[in-house]
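So the structure is just underneath, and the comments pick up after that.
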Amino acid sequence: HLCGEGWSQVGDACLRLNSSKESYDNAQHYCKNLDGNIASLTSARQVDFILDELQKYQLQER
């Protein structure tokens, strides 16, 4: 299971985090344009990955 550039493989899922603030509809449209969907995190590993990525974004904003 290979993920494309800009995506991270977490278990059997490919995840991509976008730091822009969007409405749900705009976020859904963005994901669909990338052949994806808004994530439904289904494992602790996926949750940990997202929390780690969010922490990186917070550190970059300082």
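According to the numbering used here, the sequence shown is numbered sequentially starting from -18.
Note that CB positions come from ideal geometry on N, CA and C, so glycine has one too.
Owing to the predicted nature of the structure, the values given are computational and were not obtained by experimental measurement.
For residue i and residue j, I'd like the C-alpha separation in whole angstroms.
| i | j | result |
| --- | --- | --- |
| Asp16 | Leu32 | 23 Å |
| Gln9 | Ala25 | 23 Å |
| Leu(-2) | Gln41 | 14 Å |
| Val(-9) | Lys13 | 19 Å |
| Ser1 | Asn18 | 16 Å |
| Gly(-15) | Gln36 | 23 Å |
| Ser21 | Asp6 | 16 Å |
Helix, strand or coil, according to DSSP, for residue i in the structure here?
| i | result |
| --- | --- |
| Leu(-4) | strand |
| Ser(-11) | strand |
What span of residues does the alpha helix (DSSP H) with residue i cover, start to end?
| i | result |
| --- | --- |
| Asn7 | 5 to 14 |
| Glu42 | 25 to 42 |
I think residue i touches residue j, with their Cβ atoms under 8 Å apart; what is that distance to the nearest whole Å?
| i | j | result |
| --- | --- | --- |
| Gln27 | Leu(-17) | Actually they are not in contact, since the Cβ atoms of Gln27 and Leu(-17) sit about 17 Å apart, beyond 8 Å. |
| Ser(-11) | Phe30 | 7 Å |
If you follow the beta strand (DSSP E) that residue i is part of, which residue opens it and which one closes it?
| i | result |
| --- | --- |
| Ser21 | Per DSSP, Ser21 belongs to no beta strand (DSSP E) and is neither H nor E. |
Whose CA, out of the options, lies closest to the CA of residue i?
| i | options | result |
| --- | --- | --- |
| Thr23 | Glu34, Ala(-6), Lys37, Gln39 | Ala(-6) |
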